[in-house]
């Protein structure tokens, strides 16, 4: 039985376009001999449609497009894809998250998801009815056990273990299937592709059955779906595997399985691919062709510019240097060298006259000028002049403004709201400072040359908002800050627990308090591409007016 | 049996302070003769604690404070309060949302919530285990049927109907209780207090039992809890009722019920109270004493200033006028008259020199100056100069910046990101333009004088960002825009359904498209006080990069 795994990149809500592209892929698959074609979870709507799922007209239109697709497909082909379906007899306004078997012009069969992830970035209980049972489906003499994403994640130990008391996969296996199928919309985080792959391999081996996992690919706002769809043999051996971070159509034969070697991809390489895809798709799906960003000569904006150049093409990226009296000659040289290495356009402004003009205007309302006393009013003002200048360029030319702050800064609020935080997409807001350096080096390695100048990677970080300023004047060194933040933000440890691991108590409590007090800034951040297991943004929800500091 | 209803205003996460205040209230209640004291849902932690509930140390500290409270309370008093409790024997990391009976120094009994609201602003499935059953609890010879908020909302028809298949209240009633109890954290929206009251009255009458409903009060970021705790007699008659939007301790006797008259409160009056409480509590719980806002002379900023003056005291509010060549003399006069009526401080800036300085600086990067062609680059720039100036004042003096945009503008993007959208709290972001006027008139009526000058209420709205500009140049008149937005945003109707109601198809489609295209701005808005059934903010979750436009 020849099957096709279609690692599909839908645009959320573009039902007609997604339907046409599913049809095209299906015809291609049939041409290559496939008789059954698999698409990911919520392939027709894109994942996650969020509150579109609460709009009755959206549900109706989705159903209409699904039926149209069934009617358009070749009658002899089986297409199994993720979609949502309103329960027929229920007072509920909520649909199921389902797999539909399209065949012979109709929706021939349905399987509904049981385990609805409702944690981190996932809100499936908000949108979907949970099914209470699933049945195997026979197609051309083979029994398929079809699960939707999370339904397969409570079988072998995984990050989802402990959320659910039932194990839909194990229950389905009791029905003696011939093949296990999982339609997924499983987003990328660090190490996730490897862990997901290992988990599905273990499941295939455990039940001694071939297993098909087809995952979405593509960037949707902050979420990046990595793909890595695969077919495993009954010994858990990898038999087919799709490239990560790309659409792909894989064709194979369930009755003639043979092992392939696992493609080599480093963790840093995946982060690089993920970020590039995240920019590409956010721009494309929002209708931007070009991007603009501030280039300070520092490492953060250097990485963002390099990623944008890869994502959109160097001709479509504009870097803007915005100097003040505090900007070093080296910073401007480094920014220009970077722009030249990347082949992007470079413009340069001196913001001092505007800054002086502001100071004059504000004199009557800001009586004392306490720049010496640690007051950051004028530091923030410089940053906001830059933000407003970049937004003016964005407004005039329709360029997407990329914001360039990293996760370490964002965590402790070492960033200016409406200043360097301004933008439509935060490119590296989920990369701790140390990871920023690592990804820069990986990028240079891939390019085979120092696209990001070595000097940028070696100099001490500075915001250059006052004379001789260094990040380390205001913050603990990143080697101290980053591990504390990882324990606090990603792993959920308390201040006491972090201190117990040998970190300085005063430093830890200060950092924990800074994270809490800067929640208001992060509430107003643009969507930020997610690469760690706990990113600032919709997957991390904290009150602003709250007093818990531990 | 004398009981007390404690309409409590906790600060989220301030476990120690909340514990001490619960103890104080309990002692007061006992002094007034109460033997059983009721506090709202999640009284000890505040509602909603959001992802604090994922922190193991927070759960442990909450449990410790709960036990400490039990030990501190008078041994002969029964205190029934909302809290969360980790299941004793379960692999789950999630607590129950519970009612605890504190008595004789210990946690004597527990009831766990069954229906976990997971829609709009509610995320309870993200945080809590759902209980599968509840039992009545006997206290001093009476059987109490205790429910937590939503558990009672699936009995008579309500906004929650259709979300759940079970009815915990009805099941509890089969156990023959003597009294029905509901501990709530039920936030305000328009008409909600009236509907909630009517629902609980109907329930009391239906089961011919007295019913106690004790609700949280206070502002927590965007949510405003209105209180309106009450005791109903077995004929549904109101026997005790707390003032809305204030902490209050009500004491009554379950065996001597007598009807009271329902306090008169208009819908607009409640909105006014809600907004004032929202500002007061956001400022207090975040540690702000003073606020700053831009005063344009327009109706939106006038209302916000008046509300801030009520919330924080006029001496703690600074209004700033920021004129350009496009600012009319009347606007400045109106803003000054308002400031004088309110008794708030008033400062005035001319932003033209900064604007001209920006234009000079940006000339090399913004080659053509296309102000005549409908390009809004320079309109936005003016707004951003104002935003940055207000933020400079906020940074220097520690004032809370209030943003003053209304819901109609925010819906269609007639507002500037990092400009007029800048601020820590959006005061009227959930008030359509027509409601802004109504609430102004209500405020003037309450004050018994035109605090907000009549001229401000009569003139045509204008952003004054270019010569002779009127809102109606860019937008349909608000009488057309507001009803369309209400149908689209609040009621979830599609463009076609709105057109079918007799609205112009071109206008409707244009507005629907503007709402979609401006999602990116709203993603970066500050928390906005919620007063309608569907506010922009965390209760309305849409993808940005999406293509559904109907």
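Chains as they are written, first to last, in the numbering used here: chain Y, 10 to 559; chain B, 10 to 559.
Virtual Cβ for every residue (Gly too), placed ideally from N, Cα, C.
Exercise. Given that a residue counts as buried once 16 or more other Cβ atoms are within 10 Å of its Cβ, and exposed if not, what is residue 113/Y?
Worked result: As a first step, residue 113/Y is located in the first chain; it is residue number 104 there, counting from the start. Looking at its Cβ environment, which holds fewer than 16 other Cβ atoms inside 10 Å, residue 113/Y is exposed.
Exercise. Taking contact to mean at least 3 C-beta pairs separated by less than 8 Å, is the region 291-300 of chain B in contact with the region 386-397 of chain B?
Worked result: no
Problem set entry | Residue closest to residue 345/B, alpha-carbon to alpha-carbon, out of 447/B, 279/B, 275/B, 328/B | In the second chain, counting from the first residue as 1, residue 345/B sits at position 336. Nearest of 447/B, 279/B, 275/B, 328/B to residue 345/B, Cα basis: 328/B.
Exercise. Quick one, are the C-beta atoms of residue 604/Y and residue 422/Y less than 9 Å apart?
Worked result: Any answer about residue 604/Y is impossible in this case: the structure gives chain Y only from 10 up to 559.
Exercise. Chain B partners of residue 438/Y, CB-CB under 9 Å?
Worked result: Translated into positions along the first chain, residue 438/Y becomes position 429. Going along chain B, no residue has its Cβ under 9 Å from residue 438/Y, so there is no contact; the nearest lies around 13 Å.
Exercise. Who are the neighbours of residue 23/B on chain Y, taking C-beta pairs under 9 Å?
Worked result: Taking the first residue of the second chain as 1, we reach residue 23/B at position 14. Near residue 23/B (Cβ distances below 9 Å), the residues of chain Y are 555, 556, 557.
Problem set entry | Identity of the residues DSSP links to residue 445/Y by a beta bridge | To locate residue 445/Y, count along the first chain from 1; it is residue 436. In the DSSP output, where bridge partners are listed per residue, residue 445/Y has none listed.
For this session: Could you tell me how far apart the beta carbons of residue 108/Y and residue 192/Y are, in whole angstroms, since I believe they sit closer than 8 Å?
Result: Residue mapping note: residue 108/Y aligns to position 99 of the first chain, counting from 1. Residue mapping note: residue 192/Y aligns to position 183 of the first chain, counting from 1. Rounded, the Cβ-Cβ distance is 5 Å, consistent with contact.
Exercise. First and last residue of the beta strand (DSSP E) that includes residue 155/B?
Worked result: Against the second chain, residue 155/B aligns to sequence position 146. Start and end: 151-157.
For this session: Just confirm the distance between the C-beta atoms of residue 127/B and residue 135/Y, as a whole number of angstroms; I'd bet it's less than 8 Å.
Result: In the second chain, the residue the question calls residue 127/B occupies position 118. In the first chain, the residue the question calls residue 135/Y occupies position 126. Going by Cβ atoms, the distance from residue 127/B to residue 135/Y rounds to 5 Å, so yes, they are a contact pair.
For this session: For residue 60/B, return the contacting residues in chain Y, with the cut-off set at a CB-CB distance below 7 Å.
Result: As a first step, residue 60/B must be located in the second chain, where it is residue number 51. Ordered by position in chain Y, the residues that pass the 7 Å Cβ test against residue 60/B are 549, 550, 551.
Exercise. With 16 other CB atoms within 10 Å as the buried threshold, where does residue 373/B fall?
Worked result: In the second chain, counting from the first residue as 1, residue 373/B sits at position 364. Exposed, by the Cβ-count rule.
Problem set entry | residue 362/B: contacting residues in chain Y (beta-carbon distance under 8 Å) | Working through the second chain from its first residue, we reach residue 362/B at position 353. What residue 362/B touches in chain Y: 366, 369, 370.
Exercise. If you measure from the beta carbon of residue 394/Y to each beta carbon in chain B, is any gap under 9 Å?
Worked result: Here the question's residue 394/Y lines up with position 385 in the first chain. Chain B, which has a Cβ nearer than 9 Å to the Cβ of residue 394/Y, makes this yes.
Exercise. Going along the chain, which residues of the region 500-512 of chain B sit with their C-beta nearer than 9 Å to a C-beta in chain Y?
Worked result: 501, 502, 503, 504, 505, 506
Problem set entry | Residue-chain proximity (residue 288/B, chain Y), Cβ-Cβ < 9 Å | Taking the second chain and counting its residues from 1, the one referred to as residue 288/B is at position 279. Taking Cβ atoms only, chain Y never reaches closer than 9 Å to residue 288/B, which makes this a no.
Problem set entry | Inter-stretch contact at 8 Å, needing at least 3 Cβ pairs: the region 199-206 of chain B / the region 135-152 of chain B | no
Problem set entry | At least 3 beta-carbon pairs within less than 8 Å: the region 48-68 of chain Y vs the region 18-35 of chain Y | yes
Problem set entry | Rounded Cβ spacing between residue 253/Y and residue 236/Y (contact assumed at less than 8 Å) | Start at 1 with the first residue of the first chain, and residue 253/Y comes out as number 244. Start at 1 with the first residue of the first chain, and residue 236/Y comes out as number 227. Yes, residue 253/Y and residue 236/Y are in contact; Cβ-Cβ is about 5 Å, under 8 Å.
Problem set entry | Range of the contiguous alpha helix (DSSP H) that encloses residue 133/B | By one-based count along the second chain, residue 133/B stands at place 124. It spans 133-136 - the alpha helix (DSSP H) in which residue 133/B sits, taken as one unbroken run.
For this session: Locate the alpha helix (DSSP H) running through residue 481/B, then write down its first and last residues.
Result: As a working note, residue 481/B is residue 472 in the second chain. Its alpha helix (DSSP H) spans residues 480-483.
Exercise. From residue 342/Y to residue 448/Y, what distance separates their C-alpha atoms?
Worked result: Taking the first chain and counting its residues from 1, one reaches residue 342/Y at position 333. Taking the first chain and counting its residues from 1, one reaches residue 448/Y at position 439. About 22 Å.
Problem set entry | Cβ-Cβ distance between residue 258/Y and residue 92/Y below 9 Å | The residue labelled residue 258/Y in the question sits at position 249 within the first chain. The residue labelled residue 92/Y in the question sits at position 83 within the first chain. No, Cβ-Cβ distance for residue 258/Y and residue 92/Y is not below 9 Å.
Exercise. Along chain B, which residues have their Cβ under 8 Å away from the Cβ of residue 144/Y?
Worked result: For this step, residue 144/Y is matched to residue 135 along the first chain. Residues of chain B passing the Cβ test: none, with the nearest at roughly 22 Å.
Exercise. Looking only at its own chain, which residues have a Cβ that is under 7 Å from the Cβ of residue 443/Y, when we skip the five neighbours before and after it?
Worked result: Position 434 of the first chain, counted from the start, is the residue given in the question as residue 443/Y. Hits under 7 Å: 487, 491.
For this session: Taking only the alpha-carbon atoms, compute the straight-line gap between residue 10/B and residue 264/B and give it to the nearest angstrom.
Result: Position 1 of the second chain, counted from the start, is the residue given in the question as residue 10/B. Position 255 of the second chain, counted from the start, is the residue given in the question as residue 264/B. So the two alpha carbons sit approximately 6 Å from each other.
Exercise. Tell me, which residues are paired with residue 355/B by DSSP?
Worked result: Start at 1 with the first residue of the second chain, and residue 355/B comes out as number 346. Residue 355/B is bridged to 328/B.
For this session: Tell me, to the nearest whole angstrom, how far the beta carbon of residue 95/B is from that of residue 53/B; I am working on the premise that it is less than 8 Å.
Result: Here residue 95/B corresponds to residue number 86 of the second chain, with the count starting at 1. Here residue 53/B corresponds to residue number 44 of the second chain, with the count starting at 1. Contact doesn't hold; Cβ gap of about 14 Å is too wide.
Exercise. Per the contact definition of three or more C-beta pairs closer than 8 Å, is the region 403-413 of chain B in contact with the region 273-286 of chain B?
Worked result: no
For this session: State yes or no: is the beta carbon of residue 516/B nearer than 9 Å to at least one beta carbon in chain Y?
Result: Walking along the second chain from the start, residue 516/B turns up at place 507. With 9 Å as the cut-off, residue 516/B does not count as an interface residue toward chain Y.
Problem set entry | Nearest-angstrom Cα separation, counted from residue 155/B out to residue 540/Y | Taking the first residue of the first chain as 1, we reach residue 540/Y at position 531. Taking the first residue of the second chain as 1, we reach residue 155/B at position 146. For residue 540/Y and residue 155/B, the distance between alpha carbons rounds to 44 Å.
Problem set entry | Within chain Y, partners of residue 464/B - CB distance below 8 Å | Here residue 464/B refers to the residue found at position 455 of the second chain. What residue 464/B touches in chain Y: nothing, since even the nearest Cβ is about 26 Å away.
Exercise. With distances taken between CB atoms, is the gap from residue 432/Y to residue 535/Y smaller than 9 Å?
Worked result: Residue mapping note: residue 432/Y aligns to position 423 of the first chain, counting from 1. Residue mapping note: residue 535/Y aligns to position 526 of the first chain, counting from 1. Yes; because the gap between Cβ atoms is below 9 Å, this pair is in contact.
For this session: With DSSP as the reference, please indicate the residues paired to residue 116/B in a beta bridge.
Result: Within the second chain, residue 116/B is the residue found at index 107, counting from 1. Note: residue 116/B sits in a beta bridge opposite 111/B.
Exercise. Which residues share a DSSP beta bridge with residue 11/Y?
Worked result: Numbered from 1 along the first chain, position 2 holds the residue referred to as residue 11/Y. Answer is 262/Y, bridged to residue 11/Y.
Problem set entry | Contact set between residue 478/Y and chain B, taken where Cβ atoms lie within less than 9 Å | Position 469 of the first chain, counted from the start, is the residue given in the question as residue 478/Y. Within chain B, no residue comes near residue 478/Y; the closest Cβ sits about 17 Å away, beyond 9 Å.
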